[in-house]
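Taking it in order: structure first as structure tokens, then the write-up.
Protein chains in written order, with the working numbering: chain A, 32 to 210; chain B, 15 to 645.
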């Protein structure tokens with residue numbers, strides 16, 4: 032990735048109203064995204080390497096929750112990256128819909144009627160949405176390391192919490208200004 | 015404020031200018047932030063006040079306007095403005111809704127202070143000859159009191175908020191920045207107290223030599239405030255700069271494994287990796303490299319033969335290497351074997367290990383952090399060097415020569431001693447690899463010679479597929495089934511559309527031959543892109559490096575050995591020898607070995623007539639355009 036692409040993704044992350052944990056933890060980031068969207072995000076560790084099924088990662092948006100499928104046998108570092116990739120799809124509000132064989136993944140209880148969107152990371156980045164999600168998932172870790180550990184405020188937080196978010200915005204330049 | 019000479023003021027001015035430039039960049043990203051605008055005003059005022067304190071700059075306003083010591087008035091005004099701007103920053107941080115209203119009273123106080131300062135300055139009656147601090151008059155006392163009074167008011171306003179925020183923030187550059195800012199303001203307060211005491215002593219008739227202490231306190235206060243404002247955003251980049259060498263070491267050491275993975279899966283690559291990432295991008299590029307390696311290794315799982323890793327581990331242990339290194343060697347051997355299986359298994363065949371449980375993938379799924387991956391990459395690199403040199407490579411970690419990597423007898427697709435070329439390597443592909451460095455990917459010839467040589471190789475491929483005939487200058491495509499290779503098919507289709515002499519076709523194909531051949535080698539996973547920066551303007555250039563240097567070096571070594579042994583060549587190797595002779599690379603290949611060169615020329619003079627005609631035309635075109643030269 033060249034400097035222009037990195038700056039672009041850092042700009043997107045800077046505008047996100049979501050706490051990016053520092054030190055970065057993909058699972059804590061998942062919790063922050065879920066809190067901000069007020070929708071549960073459930074992670075399913077499944078064998079995605081089976082024939083006929085998308086490889087590696089998958090985001091399934093259902094009516095009341097989001098499901099993220101992560102390769103069961105992926106090492107922790109790769110699994111974390113797959114999770115970030117799918118979270119990037121969610122944060123960027125991607126619309127893609129791909130063929131989805133729920134039974135093949137073991138989604139026996141998931142009604143196909145409930146599924147609104149499906150996006151998967153297959154390790155091929157020819158599609159622009161896939162490239163965008165992969166770029167964001169790559170940059171988020173280093174961005175988090177440069178960011179201050181101040182969480183983004185939520186509804187009901189004290190005035191001090193909101194104020195130190197603004198302090199971080201002005202002094203660190205790691206987030207947008209909340210007026 | 016004071017007149018300061020020498021490097022301290024210049025160093026302080028540099029700190030403020032850098033901080034101001036950094037915050038202006040931030041303001042461009044976030045223009046709606048009123049507090050950020052205030053920070054920029056603070057830094058600009060402090061920077062200007064510091065520069066005005068520098069002796070050559072101090073005299074400039076006087077020289078322009080003729081008003082003695084005007085710079086002193088400007089310094090005071092800038093200091094007051096910086097203090098007010100800093101107050102507004104913290105008011106907006108506390109509550110943007112009420113900040114405007116609360117700031118109104120402070121602006122009025124600032125206006126009053128500025129009026130007193132200007133009036134006092136006008137009434138003081140400074141002359142150009144006398145130093146600014148020499149005369150103590152009621153007007154100058156009122157002026158200094160107004161400045162110190164407002165600065166104290168602002169300091170009380172800001173220190174409380176900054177200290178409160180620093181207590182709320184976890185330990186980080188942000189907290190350190192807030193503390194530095196508080197320290198700077200306290201240094202400013204100390205300056206005010208010192209200045210006030212000096213003034214009192216001067217009024218009662220005692221001359222206190224306060225200039226040196228005032229100068230030091232003023233510069234320290236302004237520098238600390240600027241550093242405190244900039245540290246939270248600049249600090250992480252400084253930290254990245256400090257960590258860059260160690261991260262670059264990891265990044266570079268992972269390259270052999272990354273290239274190996276790239277051979278089998280080019281689609282997992284988001285963008286060509288830079289050879290030497292910048293400070294800003296290093297962390298992302300290192301993470302990217304690790305993710306791509308891990309993803310590539312996952313795709314190898316079904317090709318793993320557990321016995322290979324076990325054998326390598328036992329061999330390594332028998333040589334007495336440490337357990338970690340032995341494990342890395344076993345994993346590297348397992349990866350090399352799995353890559354070999356994957357690249358030699360037809361795509362329709364799902365492929366299965368010859369023995370062992372298919373779920374036993376522990377040797378490829380390298381666990382642990384990046385450092386364990388680096389150990390595997392080093393072991394893999396050592397394995398490659400073993401295959402290339404036939405010698406035991408030294409251990410880069412321990413420095414023990416010749417004991418660390420056992421000889422791993424893995425089946426390789428392309429042994430040096432094998433007289434057969436790779437089954438999937440085309441003539442143009444082989445020529446491309448021989449015309450470029452086996453590790454760096456840098457060209458060994460002038461670019462035009464490579465283009466013309468590759469164009470001739472593309473035509474030679476059609477000759478051997480019996481889809482083309484060349485007789486002298488005449489080129490005649492032969493009808494039949496299209497060539498299976500897409501590039502060869504495209505060239506064949508072009509040849510069937512129009513009729514031209516051979517030299518014209520070579521010149522035409524040479525326009526895109528390099529890109530075409532790179533594209534084909536890339537699709538085969540034989541070469542991988544790497545981005546480097548060249549020139550003063552850091553222009554980005556993509557260099558294509560072999561994913562497995564053994565393949566590239568093997569082509570070179572194989573043909574060299576065969577020609578030195580005066581062996582009879584297969585048609586493929588004979589054509590390659592002819593092409594190397596045409597582009598004048600045979601001398602470098604044989605390192606000036608005269609008998610071997612004579613043998614090569616004998617082969618060239620006895621080539622298949624259509625190929626000999628093609629090479630004659632190639633040579634003729636090259637002679638007419640450029641003289642090939644080695645780089």
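Don't be surprised by glycine CBs; every beta carbon is placed ideally from N, CA and C.
Inset, instruction - For residue 33(A), return the contacting residues in chain B, with the cut-off set at a CB-CB distance below 9 Å. - result: 285, 288, 295, 545, 554, listed in chain order.
Inset, instruction - Please name the residue, chosen from 346(B), 336(B), 299(B), that lies closest to residue 322(B) on a Cα-to-Cα basis. - result: When each option's Cα is compared against that of residue 322(B), the closest is 346(B).
Legend entry - Proximal residues to residue 36(B) (C-beta, below 7 Å), its chain only, five neighbours per side dropped: Cβ-Cβ distances below 7 Å link residue 36(B) to 244, 247, 248 in the same chain, with the five nearest sequence neighbours on each side left out; the list follows chain order.
Inset, instruction - Indicate whether at least one CB of chain A lies closer than 9 Å to the CB of residue 408(B). - result: For residue 408(B), the predicted model reports a pLDDT of 39, less than 50, meaning its position is unreliable; a value from the coordinates is still stated below. No, residue 408(B) lies away from the interface with chain A (no Cβ there is under 9 Å from its Cβ).
Inset, instruction - Could you tell me whether any Cβ in chain A is nearer than 9 Å to the Cβ of residue 585(B)? - result: Chain A places no beta carbon closer than 9 Å to that of residue 585(B), leaving this residue out of the contacts.
Inset, instruction - Check each residue of the segment 486-506 of chain B: if its Cβ is closer than 7 Å to any Cβ of chain A, include it; give the result in chain order. - result: Taking 7 Å as the Cβ-Cβ cut-off against chain A, none of the residues of the segment 486-506 of chain B qualify.
Legend entry - Backbone CA spacing between residue 223(B) and residue 95(B) [nearest angstrom]: Rounded to the nearest whole angstrom, the CA to CA distance from residue 223(B) to residue 95(B) is 28 Å.
Inset, instruction - Just the C-alpha distance for residue 127(B) and residue 43(B), rounded to the nearest angstrom, thanks. - result: Put simply, the backbone Cα of residue 127(B) is about 34 Å away from that of residue 43(B).
Inset, instruction - Taking residue 101(A) as part of the alpha helix (DSSP H), name the residues at either end of that continuous run. - result: If you look at residue 101(A), you'll find it isn't in any alpha helix (DSSP H); it sits in the beta strand (DSSP E) that goes 97-102.
Inset, instruction - Give a yes or no on whether the minimum CB-CB distance between residue 305(B) and chain A is below 9 Å. - result: Yes, residue 305(B) lies at the interface with chain A (some Cβ there is under 9 Å from its Cβ).
Legend entry - Within chain B, partners of residue 180(A) - CB distance below 7 Å: Counting only Cβ-Cβ distances below 7 Å, residue 180(A) has contacts in chain B at 184, 186, in chain order.
Inset, instruction - Within its chain, find whatever has a CB closer than 6 Å to the CB of residue 190(A); leave out the 5 residues flanking it on each side and keep chain order. - result: Cβ neighbours of residue 190(A) beyond the five flanking positions: none.
Legend entry - residue 72(A) (DSSP reduced to helix, strand or coil): In the three-state reduction of the DSSP assignment, residue 72(A) falls in the strand class.
Inset, instruction - Kindly provide the ranges of any alpha helix (DSSP H) runs that are 4 or more residues long and lie completely inside the segment 475-539 of chain B, ordered along the chain. - result: For the segment 475-539 of chain B, whole alpha helix (DSSP H) runs of length 4 or above, ordered along the chain, are 500-511, 516-524, 527-537.
Legend entry - Contact test: residue 621(B) Cβ vs the ligand FAD heavy atom, cutoff 8 Å: By its list of ligands, the structure shown contains no ligand whatsoever, and the ligand FAD lies outside what it can speak to.
Inset, instruction - Tell me whether residue 544(B) sits in a helix, a strand or coil according to DSSP, three-state version. - result: In the three-state reduction of the DSSP assignment, residue 544(B) falls in the strand class.
Inset, instruction - Please confirm whether residue 153(B) and residue 104(B) have their CB atoms less than 9 Å apart. - result: Cβ distance not < 9 Å, so residue 153(B) and residue 104(B) don't count as in contact.
Inset, instruction - Taking 8 Å as the threshold, find out whether the segment 59-75 of chain B comes into contact with the segment 268-287 of chain B through three or more Cβ pairs. - result: Judged by Cβ distances under 8 Å, the segment 59-75 of chain B makes no contact with the segment 268-287 of chain B, as fewer than three pairs qualify.
Legend entry - Contacts around residue 59(A), its chain only, beta-carbon distance under 7 Å, and the 5 residues preceding and following it disregarded: Taking C-beta separations shorter than 7 Å and ignoring five residues to either side along the sequence, the partners of residue 59(A) in its chain run 52, following chain order.
Inset, instruction - Return the CA-CA distance between residue 269(B) and residue 544(B), expressed in angstroms with no decimal places. - result: Computed Cα separation, rounded: 10 Å.
Inset, instruction - Could you have a look at residue 184(A) and say whether DSSP puts it in helix, strand or coil? - result: Secondary structure at residue 184(A): coil, using DSSP grouped into helix, strand and coil.
Legend entry - Contacts of residue 191(A) in chain B (Cβ-Cβ under 9 Å): What residue 191(A) touches in chain B, judged by beta-carbon distance under 9 Å, is 178, 179, 182, going in chain order.
Inset, instruction - Decide if residue 555(B) is buried, meaning its Cβ has at least 16 other Cβ atoms within 10 Å, or exposed. - result: It is exposed - the Cβ of residue 555(B) has fewer than 16 other Cβ atoms within 10 Å.
Inset, instruction - Could you check the C-alpha separation between residue 110(A) and residue 61(A) for me, to the nearest Å? - result: Annotation: residue 110(A) to residue 61(A) spans about 13 Å, alpha carbon to alpha carbon.
Inset, instruction - Answer with yes or no whether the minimum CB distance from residue 102(B) to chain A is below 9 Å. - result: Among the residues facing chain A, residue 102(B) is not included, as its CB has no counterpart in that chain under 9 Å away.
Inset, instruction - Name the one or two DSSP bridge partners that residue 646(B) has. - result: Summary: the structure shown does not reach residue 646(B), with chain B confined to residues 15 through 645, and so no result is reported for it.
Inset, instruction - For residue 53(B), return the contacting residues in chain A, with the cut-off set at a CB-CB distance below 9 Å. - result: Here the neighbours are 201, 202.
Legend entry - Any C-beta of chain B under 9 Å from that of residue 169(A): So, interface residue.
Inset, instruction - Determine, using beta carbons only, whether residue 469(B) and residue 535(B) come nearer to each other than 9 Å. - result: No.
Inset, instruction - Determine the burial state of residue 45(B): buried for a count of at least 16 other Cβ atoms within 10 Å of its Cβ, exposed for fewer. - result: By the neighbour-count criterion, in which a residue is buried when 16 or more other Cβ atoms sit within 10 angstroms of its Cβ, residue 45(B) is exposed.
Inset, instruction - Mind listing, in chain order, the continuous alpha helix (DSSP H) runs of no fewer than 4 residues lying wholly within the segment 78-156 of chain B? - result: The DSSP assignment places complete alpha helix (DSSP H) segments of no fewer than 4 residues inside the segment 78-156 of chain B at 84-108, 110-138, in order along the chain.
Inset, instruction - Output the boundary residues of the alpha helix (DSSP H) element that contains residue 570(B). - result: That run of the alpha helix (DSSP H) goes 563-578.
Inset, instruction - Identify each residue in the segment 507-541 of chain B for which the Cβ-Cβ distance to at least one residue of chain A is less than 8 Å, and report them in chain order. - result: In summary, no residue of the segment 507-541 of chain B has a CB separated from any CB of chain A by less than 8 Å.
Legend entry - Any C-beta of chain A under 9 Å from that of residue 266(B): Judged by the 9 Å Cβ criterion, residue 266(B) is not in contact with chain A.
Inset, instruction - Using three-state DSSP, classify residue 555(B) as helix, strand or coil. - result: If DSSP states are grouped into helix, strand and coil, residue 555(B) belongs with the strands.
Legend entry - residue 89(B) to residue 59(B) span [Cα, whole Å]: The straight-line gap from Cα to Cα measures roughly 9 Å.
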